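**Q** Next up is a structure, given as structure tokens.
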Amino acid sequence: MSSTPPITRPEPEYEGDYRPADSENPHAHIDPQNARVETTDLAFLTHMADVLNTTLDLQTLLNRTSELVRSIIPYRIFANFLLNDRTNDLRMRFQIGHTPEAARMRFPLGKGVIGQVALTRQPVLINDVTKVEGYISANPNVCSELAVPLIAKNRLIGVLDLESEQPDFFKPEHLHLLTLTASRIAQAIENARLYTRVSRQAETLTVLNEISTELTSILDLDPLLAKVGQLLRRLIDYQMFSIMLLDEKGDTLITRYAWRFGYAQAPMRRISVTSGLVGAAVREWRPINVPDVRKDQRYLPMNAETRSELVVPLFYKERVIGVLDLEHTRVAFFNDDHVRTLTTMAAQVAIAIENARLYQAVKRQEQQLERDIAMAREVQLRLLPTTPPVHKHAEFAVSFLPARAIGGDLYDFLEYAPEQTAIVLGDVSGKAAPAALFAALVSGIMRSAAQQKLAPAAMLAVLNDALQERRLDSQYVVMLFALWNDENRTLQVANSGAVQPIFCRSGESITVKAEGFPLGMFPNATYEEFNVATQPGDAVVFVSDGILDAENEKGEMYGEERLASLLCGSRGLPAQHIAAAILSDVTQFQGAQDRFDDETIIVLRVK
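For what it's worth, my numbering labels the leading residue of the sequence shown as 6, then goes sequentially.
Structure below.
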């Protein structure tokens, strides 16, 4: 085994049509098509045919070939090289007497004795390798070498190579017998390969049928993708694998499943379809098989171990929905059979993915109510102020507890002047997302109108007119709007159907009897406005109906009386403590009973 040497060959005696037509050709001293067959040769060929025809397993065949050759040539070192059509080099498929390092060597056509024999398709016999200029040996003890091409139906299959540690070990008759047997060995190898290929195809079809059955039974996307990775390993021995799906815009591939060296990986990659091998497969609508990614400028270095990569697009109804991406640490690992197998499987995978997506869409519709609630809660929380206002003569506190079913409560503090703050507490009719979205509309209109510094009654009238212009069926708002003047400790109150505020002084509670039509129900509505003069030590509470209407297990409501009693009993506490005490008392009152509405509390304590 070496680089191309000048080769010295024995001069055989030629007789009849055994002599090659061109005696000037040093590689043509034996005509494999017209070799003379002796009686002993015929016996050996018959025996060889019997032995080779009894198996179609390639590895068994190669082993028997070595035994047959040993029966006529007592070699010590033997190798059977087969041609890799994709890489156009020869690789050792079976060997005796070689080191592991030598067994991993590859020979391109025309390189070394092996490559030269494959290129010229002529056998060679070297009696003394030390006399061959430029000879490179994998074994320094080798002295002589005999190599014969394996050709079947005018197609190069590989090379039989024998080496010896003795000079002049191989004889012309050895070359003669190997030449006679080479074509038969080559045909047997080709038959075994064909059988292996057909068997693999049959197994692949069986697995693909099983895959089709299994994939159609999985309707959750993530388990489906994991199952695809497991089933694919039965067909292709990959080392790295990922499934990437296109986003809704169709311009980015997102990794939905990744497997690397025996372990599932957390999906991380997002790759534009304008870059990488995966992007090329999407843009070109075809599989991309790269034998060596280091030589392809399109490759994005994600895994340092990767040498070869196979990417197959997933098609569904004449559009690409993603890709299957396989990687291996071996150069040129993926072949045409892998491409065909993966392409066939990709069609089933794409259908299964779309079925899972449709199932998830249906499932999402069934869960629409929960998502509406979550969205409504998010809208509400964004509308609510994070901190209460700060004044010299007043202390504010807020407590808000949303229910599982969103009721549409909203509260706000609007700065009118350095000494004036508007207090807003409202409740939108309806539940869930529609209520929360309508609350957002009301809040936007109110904040815009607040720039005019309107008094409470005028503000409610403006809001009512605005909602009349934007009228929605069955949507209205109850709201309490109060304006605190810190300079003179007064409170102006107007109400459009919300819970009336409770005022407590010196242990006595008073309900501020402010009333009015809900906003958005009637056109041209007007609202009353009440002025409340306060003094240090007073406390005022504004609550939503979720507080007064809270029920216990007996069906009793919390009510205004209990609220007023708790307010007066805790009026000496800081405002935040008062709000917390009210919420805690309501919770204790309800016990195990579920909340059915939002519970909002605003406390104003005068200093």
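Glycine included, each C-beta is placed from N, C-alpha and C at the ideal position.
All figures in this text were calculated on a predicted structure; none of them were measured in a lab.
1. Go through its chain and collect everything with a Cβ distance to residue 212's Cβ below 6 Å, but skip five positions before and after it.
2. So, helix, strand or coil for residue 179, using DSSP?
3. Compute the Euclidean distance between the alpha carbons of residue 315 and residue 151, then round it to the nearest angstrom.
4. Short check: CB of residue 508 to CB of residue 548, under 8 Å?
5. Does DSSP put residue 587 in a helix, in a strand, or in coil?
6. Given residue 181, which residues of its chain have a CB within under 6 Å of its CB, disregarding the five upstream and five downstream residues?
7. Let me confirm a value: residue 489 is counted as buried when at least 16 other C-beta atoms fall within 10 Å, else exposed. Which label applies?
8. Just mark residue 93 as buried or exposed, buried being the case when its beta carbon has 16 or more other beta carbons within 10 Å.
9. When the Cα atoms are used, what is the spatial distance from residue 136 to residue 183?
10. Might you give, ordered along the chain, the residues of its own chain that have their beta carbon closer than 8 Å to the beta carbon of residue 570, omitting 5 neighbours on each side?
11. Taking just the CA atoms, how far does residue 485 sit from residue 604?
12. In terms of DSSP beta bridges, what is residue 486 paired with?
13. Determine the contact status of residue 130 and residue 243, defining contact as a CB-CB distance below 8 Å.
14. What are the uninterrupted segments assigned as beta strand (DSSP E) that are 3 or more residues long and contained completely in the region 303 to 379, given in chain order?
15. Taking only three categories from DSSP, how would you classify residue 223?
16. In the DSSP assignment, the beta strand (DSSP E) including residue 163 goes from what residue to what residue?
17. Hey, would you say residue 504 sits closer than 8 Å to residue 550, going by beta carbons?
18. Across which residues does DSSP place residue 269 in a beta bridge pair?
19. Using 10 angstroms around the beta-carbon of residue 252, count the other beta-carbons present and answer buried if the total reaches 16, otherwise exposed.
20. So, helix, strand or coil for residue 92, using DSSP?
21. Could you pull the DSSP bridge partners for residue 416 from this structure?
22. Would a C-beta distance cut-off of 8 Å place residue 607 and residue 588 closer than the cut-off?
23. Using 10 angstroms around the beta-carbon of residue 346, count the other beta-carbons present and answer buried if the total reaches 16, otherwise exposed.
24. From what residue to what residue does the beta strand (DSSP E) around residue 403 run?
25. Taking C-beta to C-beta, are residue 60 and residue 67 nearer than 8 Å?
26. Nearest CA to the CA of residue 103: which residue from 145, 368, 567?
27. In chain order, which continuous runs of the beta strand (DSSP E) of length 3 or greater are located wholly inside the region 511 to 536?
28. Hey, out of 76, 343, 356, whose CA is closest to residue 322's CA?
29. Taking one C-beta from the region 523 to 542 and one from the region 453 to 466 each time, how about it: are there three or more such pairs within less than 8 Å?
30. Is the region 279 to 288 touching the region 246 to 260, taking contact as three or more C-beta pairs under 8 Å?
31. Determine contact between the region 356 to 369 and the region 222 to 235, defined as no fewer than three beta-carbon pairs at a distance below 8 Å.
32. Name the two residues that bound the continuous alpha helix (DSSP H) containing residue 245.
33. What's the gap between the Cα of residue 263 and the Cα of residue 329?
34. Using CA atoms only, rank isn't needed, just tell me which of 301, 309, 290 is closest to residue 324.
35. Whole angstroms are fine: how far does the CA of residue 572 sit from the CA of residue 580?
36. Kindly identify the DSSP beta-bridge partner or partners of residue 108.
**A** Considering the structure as presented:
1. In the sequence shown, the residue the question calls residue 212 occupies position 207. Within the same chain, residue 212 has close Cβ partners 239, 240.
2. As a position in the sequence shown, residue 179 is number 174, starting the count at 1. Residue 179 falls in the helix class under three-state DSSP.
3. Position 310 of the sequence shown, counted from the start, is the residue given in the question as residue 315. Position 146 of the sequence shown, counted from the start, is the residue given in the question as residue 151. Rounded to the nearest angstrom, the two C-alpha atoms are 39 Å apart.
4. Position 503 of the sequence shown, counted from the first residue, corresponds to residue 508. Position 543 of the sequence shown, counted from the first residue, corresponds to residue 548. Not in contact: residue 508 and residue 548 (Cβ atoms no closer than 8 Å).
5. The sequence position of residue 587 within the sequence shown is 582, counting from 1. If DSSP states are grouped into helix, strand and coil, residue 587 belongs with the helices.
6. The residue given as residue 181 occupies position 176 in the sequence shown. Excluding sequence neighbours, residue 181 sits near nothing in its chain.
7. Counted from its first residue, the sequence shown places residue 489 at position 484. With 16 or more other Cβ atoms within 10 Å, it is buried.
8. As a first step, residue 93 must be located in the sequence shown, where it is residue number 88. Exposed, since its Cβ has fewer than 16 Cβ neighbours within 10 Å.
9. Translated into positions along the sequence shown, residue 136 becomes position 131. Translated into positions along the sequence shown, residue 183 becomes position 178. Between residue 136 and residue 183, the C-alpha separation is close to 24 Å.
10. What you label residue 570 is simply residue 565 of the sequence shown in a count that begins at 1. 514, listed in sequence order.
11. Along the sequence shown, read from residue 1 onward, the residue named residue 604 stands at position 599. Along the sequence shown, read from residue 1 onward, the residue named residue 485 stands at position 480. Distance between the alpha carbons of residue 604 and residue 485: 15 Å.
12. What you label residue 486 is simply residue 481 of the sequence shown in a count that begins at 1. Answer is 429, 499.
13. The sequence position of residue 130 within the sequence shown is 125, counting from 1. The sequence position of residue 243 within the sequence shown is 238, counting from 1. No, the pair does not count as a contact, with Cβ atoms beyond the cut-off.
14. 313 to 320, 325 to 333
15. Translated into positions along the sequence shown, residue 223 becomes position 218. Coil.
16. Taking the sequence shown and counting its residues from 1, the one referred to as residue 163 is at position 158. Where residue 163 is concerned, the enclosing beta strand (DSSP E) stretches over 160 to 169.
17. Position 499 of the sequence shown holds residue 504. Position 545 of the sequence shown holds residue 550. Taking 8 Å as the Cβ cut-off, residue 504 and residue 550 qualify as a contacting pair.
18. By 1-based counting over the sequence shown, the position of residue 269 is 264. Residue 269 is bridged to 264.
19. As a first step, residue 252 is located in the sequence shown; it is residue number 247 there, counting from the start. Exposed: under 16 other Cβ atoms inside 10 Å.
20. Position 87 of the sequence shown, counted from the first residue, corresponds to residue 92. Note: residue 92 maps to coil in three-state DSSP.
21. Position 411 of the sequence shown, counting from 1, holds the residue named residue 416. Note: residue 416 sits in a beta bridge opposite 430.
22. Numbered from its first residue, the sequence shown carries residue 607 at position 602. Numbered from its first residue, the sequence shown carries residue 588 at position 583. In this structure, residue 588 does not lie closer than 8 Å to residue 607 by Cβ.
23. Numbered from its first residue, the sequence shown carries residue 346 at position 341. Residue 346 should be labelled buried.
24. Along the sequence shown, read from residue 1 onward, the residue named residue 403 stands at position 398. Unbroken beta strand (DSSP E) run through residue 403: 399 to 406.
25. Counting from one through the sequence shown, the residue named residue 60 turns up at place 55. Counting from one through the sequence shown, the residue named residue 67 turns up at place 62. The answer is no: Cβ separation not under 8 Å.
26. Your numbering for residue 103 matches position 98 in the sequence shown. Ranking the options by Cα distance to residue 103, first place goes to 145.
27. 513 to 516
28. As a working mapping, residue 322 is identified with position 317 in the sequence shown. Selected option, being the one with the closest Cα: 356.
29. yes
30. yes
31. yes
32. Position 240 of the sequence shown, counted from the start, is the residue given in the question as residue 245. Counting along the chain, residue 245 falls outside any alpha helix (DSSP H), though it belongs to the beta strand (DSSP E) covering 245 to 251.
33. Residue numbering aside, residue 263 sits at position 258 when the sequence shown is read from its first letter. Residue numbering aside, residue 329 sits at position 324 when the sequence shown is read from its first letter. Rounded to whole angstroms, residue 263 to residue 329 spans 10 Å at the Cα level.
34. Here the question's residue 324 lines up with position 319 in the sequence shown. Nearest of 301, 309, 290 to residue 324, Cα basis: 290.
35. Along the sequence shown, read from residue 1 onward, the residue named residue 580 stands at position 575. Along the sequence shown, read from residue 1 onward, the residue named residue 572 stands at position 567. Residue 580 and residue 572: Cα-Cα distance of roughly 10 Å.
36. Counting from 1 along the sequence shown, the entry for residue 108 is found at position 103. For residue 108, which the question treats as bridged, DSSP gives no partner whatsoever.
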